[in-house]
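Just below is one structure, and these are the notes that go with it.
Protein chains in written order, with my numbering: chain A, 1 to 225; chain B, 1001 to 1320.
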């Protein structure tokens, strides 16, 4: 097995400075300290499309938006029981992310699978934000260990437990891998480009289906998302 | 007579075990993959997953925050008698699903597809799925819960005899590469392939091949067993590893199940059972005693029978 020693490990605050972010390179391993909130399609729709105000003071309280629904329960006495936390795939939130970054001032988007470098260049770079991907997926138990406290839950009635905004205090919360940098480069796209070179050889001895489907790609370097 | 409260208590324990304890066969398979993986990033990911399994067991918390879609496979031996009958059995499994969702806790994933109504307990219209099969001899019932990821890694295609093995390979690679990019299928995974049947049985067979067979198990048809080996190797030669990074760990094992299909067709489905392959099983005997295990032992000779009568009164087709 290859050594892990080559990876730079970084502790980062959830409201990082531009300088902090500028020092990160694709593939660096990051652990977070501070406050993180979950927001995905339910919150995005509510804020971006329906025009509701933010339920917490952003980005003062937190600059880190996690594409996640926790495995958690609210006990009858109102306390929270948070077990594992794992990200959900981020590419599905592309249509809201620009306006969300504008409204929330988020500097860190945490999720699964990254977004396209087009999204990074168009939306992340102008807002000085980067994308950190969870590892695995997913290291739900390891991330769960980094959750110190559930600070609050918003829009629980309106959106349900999974889509509600969970505000959580974290310490040494990770691992994450730096997927995009301040220039909008993508680690996943870099890896995909390497892999795509060998695909023609792997496909030797196969043949396309006799009945075609409409609307498919046959370009194996296509990002699909 | 098997009491309903034993069924519910066993089912709640199974929900907990499935979410927290990685099955031994998958763990050994992943350790094997980690030992030969030489991609730097992929190796880092596999080691993090091994750490994560350990953390889950130590803390008794779910391995993965995305519970997927908890479902049930129930096998009834021919002489099994259940207090309250099959309706009471279904109610016990729905109750156990709801209680464990809040108890472990798990993520309440299930919502109405249009109105997004959320009961916060993974129970709703047609959820959880409860599939039932039968087995000759015995008075036991087997309960198996699987928490399979709900979004990526699965596809279906209508192929035809003229597509041949080359066409099957193509669709297999297409599915692995498309969902493997950025690690959407949470590979390395146990890949299940359904061949034949009709569209719905093809999907059911492929999903069961992924979720109800253990790493290292081979189909009893030697021709299919050979394909399983070949496809495992093919998947691991793509050049892609965990999270879609450069590497060679895509497939921990490949399982294929077949069903007789229309003479003009060759339906194919592909399913990926993820890095947190969550399954747990128990047998409840007629006297109410319970035995837990991780091997579903689903695909018995009876489940794969091809004769009219059982026990078979005619010889099976000779294997290719």
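Note that the Cβ used here is the ideal one computed from N, Cα and C, for glycine as well.
Bridge partner(s) assigned by DSSP for residue i
i, result
"residue 1291 of chain B", "B:1283"
"residue 31 of chain A", "A:11"
"residue 1072 of chain B", "B:1130, B:1145"
"residue 243 of chain A", "The displayed coordinates of chain A run from 1 to 225. Any statement about residue 243 of chain A would go beyond what the structure contains."
"residue 37 of chain A", "A:65, A:167"
"residue 172 of chain A", "According to DSSP, residue 172 of chain A bridges with nothing at all."
"residue 1278 of chain B", "B:1147"
"residue 1190 of chain B", "B:1253, B:1273"
"residue 210 of chain A", "Paired residues: none, contrary to the question."
"residue 192 of chain A", "Beta-bridge pairing links residue 192 of chain A to no other residue."
"residue 186 of chain A", "A:180"
"residue 153 of chain A", "A:166"
Reference residue i, options the options, closest by Cα
i, options, result
"residue 1280 of chain B", "B:1006, B:1011, B:1005", "B:1011"
"residue 27 of chain A", "A:13, A:17, A:8", "A:8"
"residue 49 of chain A", "A:167, A:95, A:161", "A:95"
"residue 176 of chain A", "A:58, A:55, A:85, A:81", "A:85"
"residue 1152 of chain B", "B:1274, B:1289, B:1218", "B:1274"
"residue 196 of chain A", "A:183, A:206, A:219", "A:219"
"residue 179 of chain A", "A:203, A:52, A:119, A:56", "A:119"
"residue 67 of chain A", "A:114, A:77, A:212, A:34", "A:114"
"residue 1167 of chain B", "A:147, A:199, A:210", "A:210"
"residue 107 of chain A", "A:15, A:6, A:224", "A:15"
"residue 165 of chain A", "A:44, A:33, A:13, A:18", "A:44"
"residue 174 of chain A", "A:186, A:153, A:157, A:139", "A:139"
"residue 1129 of chain B", "B:1194, B:1006, B:1148", "B:1148"
"residue 154 of chain A", "A:11, A:24, A:57", "A:57"
"residue 1028 of chain B", "B:1064, B:1214, B:1118, B:1244", "B:1214"
"residue 1262 of chain B", "B:1308, B:1310, B:1197", "B:1197"
"residue 134 of chain A", "B:1278, B:1277, B:1244", "B:1244"
"residue 149 of chain A", "A:131, A:158, A:169", "A:169"
"residue 1074 of chain B", "B:1021, B:1090, B:1020, B:1067", "B:1090"
"residue 1304 of chain B", "B:1210, B:1135, B:1081, B:1271", "B:1135"
"residue 109 of chain A", "A:184, A:217, A:200", "A:184"
"residue 1054 of chain B", "B:1021, B:1138, B:1293", "B:1021"
Length of the line joining the Cα atoms of residue i and residue j
i, j, result
"residue 21 of chain A", "residue 122 of chain A", "18 Å"
"residue 1057 of chain B", "residue 1104 of chain B", "12 Å"
"residue 1306 of chain B", "residue 1268 of chain B", "20 Å"
"residue 1132 of chain B", "residue 30 of chain A", "46 Å"
"residue 2 of chain A", "residue 61 of chain A", "Note that residue 2 of chain A scores 48 on pLDDT, short of 50, meaning its location in the model is unreliable; the coordinates nonetheless yield the value given after this. Cα to Cα, residue 2 of chain A sits roughly 39 Å from residue 61 of chain A."
"residue 983 of chain B", "residue 1283 of chain B", "Outside the displayed span of chain B (1001 to 1320) sits residue 983 of chain B, for which this structure offers no information."
"residue 4 of chain A", "residue 1164 of chain B", "Only weak support exists for where residue 4 of chain A lies, its pLDDT of 48 falling under 50; the value from the coordinates is given anyway. Answer to the nearest angstrom: the Cα atoms are 43 Å apart."
"residue 1330 of chain B", "residue 1313 of chain B", "Residue 1330 of chain B falls outside the range modelled here, since chain B spans only 1001 to 1320, and no answer is possible."
"residue 1301 of chain B", "residue 1232 of chain B", "24 Å"
"residue 1246 of chain B", "residue 1095 of chain B", "44 Å"
"residue 1227 of chain B", "residue 144 of chain A", "40 Å"
"residue 206 of chain A", "residue 1230 of chain B", "13 Å"
"residue 1112 of chain B", "residue 17 of chain A", "41 Å"
"residue 92 of chain A", "residue 151 of chain A", "27 Å"
"residue 1127 of chain B", "residue 23 of chain A", "47 Å"
"residue 1218 of chain B", "residue 1250 of chain B", "18 Å"
"residue 1276 of chain B", "residue 1072 of chain B", "17 Å"
"residue 215 of chain A", "residue 224 of chain A", "12 Å"
"residue 1183 of chain B", "residue 1098 of chain B", "30 Å"
"residue 1122 of chain B", "residue 1297 of chain B", "26 Å"
"residue 222 of chain A", "residue 1252 of chain B", "25 Å"
"residue 1026 of chain B", "residue 103 of chain A", "44 Å"
"residue 78 of chain A", "residue 1311 of chain B", "58 Å"
"residue 1004 of chain B", "residue 1070 of chain B", "20 Å"
"residue 181 of chain A", "residue 64 of chain A", "15 Å"
"residue 1191 of chain B", "residue 1065 of chain B", "22 Å"
"residue 71 of chain A", "residue 199 of chain A", "37 Å"
- Length-filtered (3 minimum) beta strand (DSSP E) runs lying within the segment 63-146 of chain A: 64-66, 68-74, 80-87, 108-111, 130-134
If we require 3 or more residues per run, which beta strand (DSSP E) segments fall completely within the segment 1192-1267 of chain B?
1251-1259
Exercise for the section: Note down, one range per segment and in chain order, each alpha helix (DSSP H) of at least 4 residues found wholly within the segment 1100-1181 of chain B. Expected result: 1164-1180
Closer than 8 Å is the cut-off here; do at least three beta carbon pairs connect the segment 1168-1177 of chain B with the segment 1041-1054 of chain B?
no
- Query: Is it true that the segment 1204-1220 of chain B meets the segment 1075-1086 of chain B, where meeting means three or more beta-carbon pairs spaced less than 8 Å apart?
  - Reply: No, because fewer than three Cβ pairs between the segment 1204-1220 of chain B and the segment 1075-1086 of chain B fall closer than 8 Å, the two stretches do not touch.
Exercise. Are there three or more Cβ pairs, one per stretch, closer than 8 Å when the segment 1143-1150 of chain B is compared with the segment 1003-1019 of chain B?
Worked result: yes
What are the complete alpha helix (DSSP H) segments, minimum 4 residues, inside the segment 1001-1035 of chain B? 1004-1020
For the segment 120-138 of chain A against the segment 96-107 of chain A, do three or more pairs of beta-carbon atoms, one drawn from each stretch, fall closer than 8 Å, so that the two count as touching? yes
**Prompt:** Curious, which full-length beta strand (DSSP E) runs of at least 3 residues does the segment 1046-1091 of chain B contain?
**Reply:** 1069-1077
(message) Measuring CB atoms only, is the segment 1253-1268 of chain B touching the segment 1154-1161 of chain B, in the sense that at least three cross pairs come out at less than 8 Å?
(response) yes
**Message:** Closer than 8 Å is the cut-off here; do at least three beta carbon pairs connect the segment 1248-1258 of chain B with the segment 1213-1226 of chain B?
**Reply:** Contact between the segment 1248-1258 of chain B and the segment 1213-1226 of chain B is present, because at least three Cβ pairs lie under 8 Å.
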